[in-house]
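Numbering (my numbering), first residue to last: 20 to 229. Glycine included, every Cβ here is placed at the ideal spot set by N, Cα and C. Quick caveat: nothing in here was measured; it's all calculated off a predicted structure.
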Ligand code: SF4
């Protein structure tokens with residue numbers, strides 16, 4: 020039993036959040052892995068509670084950790100622009116992350132992103148699955164390898180499996196693509212333009228499945 024804001028949560032196998040608000044409050048009390056210790060807060064998904072499209076990223080970044088909202092930093096800007104180009108309104112999408120707390124290490128005054136361990140992604144999968152059960156999206160798009168692991172429960176070769184609509188036991192379909200931060204890191208302008216085009220095509224493919 021854990022508590023947050025005066026409320027107690029039994030984070031055992033019997034606990035099933037019945038609303039997104041309840042899930043959010045329970046995430047703030049989660050101790051399933053060590054990542055809660057250095058983060059400001061847990062950052063859950065946001066969007067329509069019955070969205071047909073769910074987009075899953077890796078984990079909150081520095082700005083998301085402070086704001087308490089997913090995809091509000093530079094990668095979120097790339098995602099928003101690509102969604103618009105693909106004909107998708109972000110307001111219609113439930114946007115979340117595979118890992119709910121920001122994993123980072125200090126470097127001077129900055130907090131530098133660190134990739135979550137497989138064990139941490141697996142621990143946090145419980146919350147992602149709870150979000151999927153509540154929202155029941157028809158299509159789930161994963162951004163990067165960590166998101167693919169969180170959604171599929173196995174390691175995936177994103178570049179190889181990209182383009183497939185992977186059927187899920189709940190009837191939804193999963194499409195794998197890259198994380199927007201990958202596009203931001205590409206050093207070459209021509210590669211960035213080409214990869215961004217592929218990213219938009221992946222999002223268009225998701226829209227056609229809705
Ligand atoms: S990252 Fe996920 S599993 Fe780990 S403490 Fe946060 S909510 Fe819990």
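Bounding residues of the alpha helix (DSSP H) (the contiguous stretch that carries residue i)
| i | result |
| --- | --- |
| residue 193 | Per DSSP, residue 193 belongs to no alpha helix (DSSP H); it is in the beta strand (DSSP E), 192 to 196. |
| residue 95 | 93 to 104 |
| residue 219 | 208 to 228 |
| residue 179 | 177 to 180 |
| residue 43 | 39 to 46 |
| residue 150 | 137 to 154 |
| residue 199 | 199 to 204 |
Assumed close pair residue i, residue j - CB separation to whole angstroms, cut-off 8 Å
| i | j | result |
| --- | --- | --- |
| residue 154 | residue 70 | 6 Å |
| residue 113 | residue 73 | 5 Å |
| residue 168 | residue 212 | Not really, about 28 Å apart at Cβ, beyond 8 Å. |
| residue 121 | residue 66 | That belief does not hold up - the Cβ atoms of residue 121 and residue 66 are roughly 20 Å apart, past 8 Å. |
| residue 163 | residue 198 | 3 Å |
| residue 46 | residue 119 | 5 Å |
| residue 101 | residue 215 | 7 Å |
| residue 150 | residue 42 | 7 Å |
Member of the options whose CA lies at the smallest distance from the CA of residue i
| i | options | result |
| --- | --- | --- |
| residue 136 | 190, 165, 85 and 47 | 165 |
| residue 95 | 111, 76 and 85 | 76 |
| residue 35 | 147, 195 and 183 | 147 |
| residue 134 | 63, 196 and 117 | 117 |
| residue 217 | 228, 201 and 174 | 201 |
| residue 51 | 192, 40, 208 and 145 | 145 |
| residue 183 | 174, 196, 173 and 189 | 196 |
| residue 88 | 115, 101 and 157 | 115 |
| residue 229 | 191, 138 and 124 | 191 |
| residue 157 | 143, 206 and 188 | 188 |
| residue 143 | 44, 40 and 54 | 54 |
| residue 92 | 203, 226, 170 and 125 | 203 |
| residue 38 | 186, 185, 152 and 210 | 152 |
| residue 181 | 173, 170, 161 and 172 | 161 |
Extent of the continuous beta strand (DSSP E) to which residue i belongs
| i | result |
| --- | --- |
| residue 160 | 158 to 162 |
| residue 113 | 112 to 116 |
| residue 75 | 72 to 76 |
Residue i: CB within 7 Å of a non-hydrogen atom of ligand 2
| i | result |
| --- | --- |
| residue 40 | Absent from the structure shown: ligand 2. Ligands present: ligand 1. |
Those residues which DSSP pairs with residue i across a bridge
| i | result |
| --- | --- |
| residue 129 | 126 |
| residue 186 | 192 |
| residue 83 | Looking at the DSSP assignment, residue 83 forms no beta bridge with any residue, so it has no partner. |
Margin query: So, does the stretch 98 to 113 touch the stretch 213 to 223, judging by three or more C-beta pairs under 8 Å?
Written below: yes
Check: Are three or more beta carbon pairs between the stretch 77 to 88 and the stretch 52 to 66 nearer than 8 Å?
Finding: yes
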